[in-house]
Amino acid sequence: MLAPSLLITATVARAAVADVPAIPPTAANVAYAAPAHERQVLDIYAPPGAKNLPVVFWIHGGGWQAGDKRSVQLKPQTFVAKGFVFVSTNYRLLPDVEMRTIFQDVAKSLGWVHKHIAKHGGDPNRILVMGHSAGAQLAALMCTDDRYLKAEGVPFSALKGCVPVDGDTYDIPAMIDTAETRLRVHGMPMPKYGHRLKFGNDAALHRDYSAVTHATKGRGIPPFLILYVADHPDNSAQARRFESVLKEAGVTAKAFGGRETNHTRINAELGVTDDSPTKELFAFVGECLKK
1 MLAPSLLITA TVARAAVADV PAIPPTAANV AYAAPAHERQ VLDIYAPPGA
51 KNLPVVFWIH GGGWQAGDKR SVQLKPQTFV AKGFVFVSTN YRLLPDVEMR
101 TIFQDVAKSL GWVHKHIAKH GGDPNRILVM GHSAGAQLAA LMCTDDRYLK
151 AEGVPFSALK GCVPVDGDTY DIPAMIDTAE TRLRVHGMPM PKYGHRLKFG
201 NDAALHRDYS AVTHATKGRG IPPFLILYVA DHPDNSAQAR RFESVLKEAG
251 VTAKAFGGRE TNHTRINAEL GVTDDSPTKE LFAFVGECLK K
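In terms of our numbering, the numbers along the sequence shown are unbroken and rise by one, the last being 291.
Right, here's the structure in full:
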C-alpha cells in the first residue's frame, strides 16, 4: 500500500495527465508511403528552431486492431521540452491487413523518418524507438529483426535505443501457451481472435514474429529498456525473458517493473516528474545518447 502522502501525490499526478492538453504537432498527417493509405501517416512534434536533435519514434498500442498516433498523452511535450523531436506513427490494422503488413508499415514509417526528419530538425542517426502494448511488440521486433528496416534503408546504427512499454508478446509461442493453458485449466473457451490467430496461426510465424528469436550476437542490436507492470505476471515474465535473451546476445538491456500502476497508467504517466518508469526512461536515454 502507498502511504497517504504518496497516494495523494500519485492521484494528483494521474489527474494532471488527464488534464494536460496535448500540444499540437508541428507537422500532422504526414504521408510516409506513396500512394498512402489513410493510416500510413505520422505526426511530428519539434521544438522551435530545432536542428539536429535526437528523435523519439513512438508506436501506439491497441492489440494491432485499434489505436491512433494521437494517443500520446504527455510524451510529446515532455520530450520536446527536453530537446527531442517526437514522431508518432499510425499503421494499418488487423484484420484488414496481415500482421507482416503491419511490420512493413512501421518499418516504412521509420524509413521515412530516417530519410526526411532532418528537414524537421531531427538527427536521422540518433533515433530512439518506443511503443506501448502492441506497439511494444512492434518496437522490439523492429530493433531486433533487421530485415524490415534494411528493406527501407535504415541501418541499426541509426537506432540508439529501444523502449518497449508493457508488451506481452516478445516471445509469442510462450504467451500463446500461457494464455491457452490458463483457459483450459479454468474450462473457458478459446478466444475467437486471440494471439494465435492474430499472428497467423502458424508456429513458424509465431517464432519469426518474436523478438526473442532475433536477439542474437553480432547484429548491432541497440540497447533496450523494457518497462513493464511489476504486478502483471504475464508481462513481467515476458519482460524478464526478453531481458535475459538480449543479455545472452551481448546487448545492453534492463527490464524495469513499475509498481502501483497498471497497463494503461504506465503508458499514460510517462512524463510525470515523480514517476519511476519516467525516471528510468530518461536515465536510459541519457546513457544511450552518450554513445
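Note that CB positions come from ideal geometry on N, CA and C, so glycine has one too.
Nearest-angstrom Cα distance between residue i and residue j?
i    : j    : result
V106 : K290 : 26 Å
G257 : L227 : 6 Å
V154 : I117 : 13 Å
T178 : L141 : 21 Å
I102 : D168 : 17 Å
L149 : A158 : 10 Å
S133 : L42  : 19 Å
G83  : P47  : 7 Å
Q104 : E260 : 36 Å
E269 : A230 : 15 Å
E152 : R39  : 18 Å
V85  : E180 : 41 Å
R196 : Y45  : 36 Å
F282 : D275 : 11 Å
V113 : A139 : 15 Å
T278 : R100 : 31 Å
I221 : V251 : 7 Å
L183 : A203 : 19 Å
A33  : N90  : 12 Å
Q137 : E280 : 20 Å
Mind checking which residues open and close the alpha helix (DSSP H) that includes residue i?
i    : result
A174 : 172-185
P233 : 233-248
A134 : 134-142
L281 : 276-290
L270 : Counting along the chain, L270 falls outside any alpha helix (DSSP H), and DSSP gives it neither H nor E.
D320 : With the chain covering only 1 through 291, there is no way to say anything about residue 320.
H195 : 195-198
V154 : That residue, V154, is in no alpha helix (DSSP H); it is neither H nor E in DSSP.
H214 : 211-214
Ignore the nearest five residues each way along the sequence and tell me which others in residue i's own chain have a CB closer than 6 Å to its CB.
i    : result
L246 : A215, F224, A253
H206 : I172, P173, F199
I23  : P76, Q77
S71  : H60
V285 : none
A249 : A215, T216, K217
H232 : none
G67  : H60, G61
R126 : P54, K160
C162 : V129, A139, C143, P222, F224
Among residues of its own chain, excluding the 5 on either side of residue i, which ones have a beta-carbon nearer than 8 Å to its beta-carbon?
i    : result
P21  : Reliability of the predicted coordinates at P21 is poor, the pLDDT of 46 falling under 50, and the value obtained from them is presented with this limitation in mind. For P21, where only same-chain residues beyond five positions count, there are no Cβ hits under 8 Å.
E243 : F224, I226, A253, K254, A255
N267 : G61, Q73, H132, S133, V165, D166
V80  : I23, Y45, A46, P47, F86
R92  : H37, R39, Q40, T101, I102, D105
K108 : Y32, A33, Q40, E152
From what residue to what residue does the beta strand (DSSP E) around residue i run?
i    : result
A31  : 27-31
L227 : 224-229
I44  : 41-45
V165 : 159-165
A255 : 253-258
For the putative contact between residue i and residue j, defined by C-beta atoms under 8 Å, what is the C-beta separation to the nearest angstrom?
i    : j    : result
C143 : V129 : 6 Å
Y170 : Q77  : With 8 Å as the limit, Y170 and Q77 do not qualify as a contact, their Cβ atoms being about 29 Å apart.
T59  : G121 : Looking at the sequence provided, one finds Ile at residue 59 rather than Thr. At roughly 21 Å, the Cβ-Cβ gap does not stay under 8 Å, so I59 and G121 are not in contact.
R175 : D234 : Sequence check: residue 175 is Met here, not Arg. Contact holds; Cβ gap of about 7 Å.
V212 : R240 : Actually they do not touch by this definition, with Cβ atoms about 11 Å apart.
D146 : R219 : 6 Å
S88  : K115 : The pair is not a contact, with the Cβ atoms about 18 Å apart (cut-off 8 Å).
Return the chain-ordered list of same chain residues with a C-beta closer than 7 Å to the C-beta of residue i, the five sequence neighbours on each side being excluded.
i    : result
K51  : G121
S236 : Y228, A230, G257
P25  : D43, I44, Y45
Inset, instruction - Could I get the ranges of all uninterrupted beta strand (DSSP E) runs contained in the segment 48-130, with 3 residues as the minimum, in chain order? - result: Counting only runs of 3 or more, we get 53-59, 85-89.
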